[in-house]
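Numbering (the UniProt record's numbering), first residue to last: 1 to 196. Note that the Cβ used here is the ideal one computed from N, Cα and C, for glycine as well.
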């Protein structure tokens with residue numbers, strides 16, 4: 001368990017407010033990101049570190065198959081379940097587990113999403129190994145991360161930031177080829193990789 005997942009009620013509310021803040025959609029709306037990921041209506045999706053369901057809920061509206069929301073925080077998952085119920089979505093399934101130990105079959109999902117969570121991983125290698133295991137060949141891994149190197153923008157501490165280039169190299173080790181990569185505001189970037 002990562003220490004930063006334990007915070008009191010006030011901390012939880014702050015985190016939700018931060019994760020659901022309107023500016024976040026302005027930098028990149030979830031719909032915009034999902035449009036860039038090649039997927040059919042029949043795609044199954046896994047959202048790593050789903051948080052408040054920023055990507056889970058819009059993804060579940062796009063596909064008919066299951067969207068798995070994975071997070072270590074029970075409260076976040078309860079929030080996602082409430083949002084799914086309110087939107088009358090029956091295809092959202094929550095998984096209260098760590099992203100380096102995904103309880104899904106090999107080659108069982110078409111698309112894995114990871115928005116601003118990879119830098120929180122204890123081991124990037126373990127997470128990518130798991131992502132590679134659960135994604136079908138021809139499937140995709142879409143990541144939003146911070147790379148504020150050479151900018152005056154504030155992101156997470158530099159030593160835990162994952163640059164687009166480093167991510168590309170690491171993904172290649174697990175059979176992923178980056179097919180799209182672009183910069184967002186606030187020192188963020190999006191990388192979409194296809195599993196060969």
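Just curious, the alpha helix (DSSP H) that residue i is in, first and last residue?
| i | result |
| --- | --- |
| residue 11 | 9-19 |
| residue 127 | 124-134 |
| residue 167 | 164-173 |
| residue 28 | From DSSP, residue 28 is part of no alpha helix (DSSP H); its letter is neither H nor E. |
| residue 81 | 74-86 |
Residue j and residue i - do their beta-carbons sit closer together than 8 Å?
| i | j | result |
| --- | --- | --- |
| residue 134 | residue 112 | yes |
| residue 33 | residue 131 | no |
| residue 155 | residue 141 | no |
| residue 76 | residue 43 | no |
| residue 71 | residue 96 | yes |
| residue 79 | residue 16 | yes |
| residue 152 | residue 27 | no |
| residue 110 | residue 188 | no |
| residue 36 | residue 192 | yes |
| residue 48 | residue 99 | yes |
| residue 19 | residue 56 | no |
| residue 176 | residue 159 | no |
| residue 82 | residue 60 | no |
| residue 178 | residue 171 | yes |
| residue 46 | residue 116 | no |
| residue 174 | residue 129 | yes |
Give me the DSSP bridge partner(s) of residue i.
| i | result |
| --- | --- |
| residue 188 | 146 |
| residue 65 | BP columns for residue 65 are empty, so no partner. |
| residue 92 | 67 |
| residue 194 | 140 and 177 |
I'd like the span of the beta strand (DSSP E) that includes residue i, first residue to last.
| i | result |
| --- | --- |
| residue 114 | 109-115 |
| residue 48 | 45-48 |
| residue 178 | 176-183 |
Is the closest heavy atom of the ligand MN to the C-beta of residue i under 7 Å?
| i | result |
| --- | --- |
| residue 181 | Ligands are entirely absent from the displayed structure, and the ligand MN is therefore not among its contents. |
Mind reading off the beta-carbon distance from residue i to residue j? Whole number of angstroms is fine, and I expect it under 8 Å.
| i | j | result |
| --- | --- | --- |
| residue 108 | residue 137 | Rounded, the Cβ-Cβ distance is 12 Å, inconsistent with contact. |
Establish whether the CB of residue i and some CB of chain D are separated by less than 8 Å.
| i | result |
| --- | --- |
| residue 60 | Among the chains in the structure shown there is no chain D, since it carries only a single protein chain. |
- Message: Tell me whether the segment 112-126 and the segment 75-92 touch, counting them as touching only if at least three CB pairs, one residue from each stretch, are closer than 8 Å.
- Response: The segment 112-126 is not in contact with the segment 75-92.
- Is the segment 65-84 close to the segment 157-170, with three or more CB pairs under 8 Å? Taking a contact to require three or more Cβ pairs closer than 8 Å, the segment 65-84 and the segment 157-170 do not qualify as touching.
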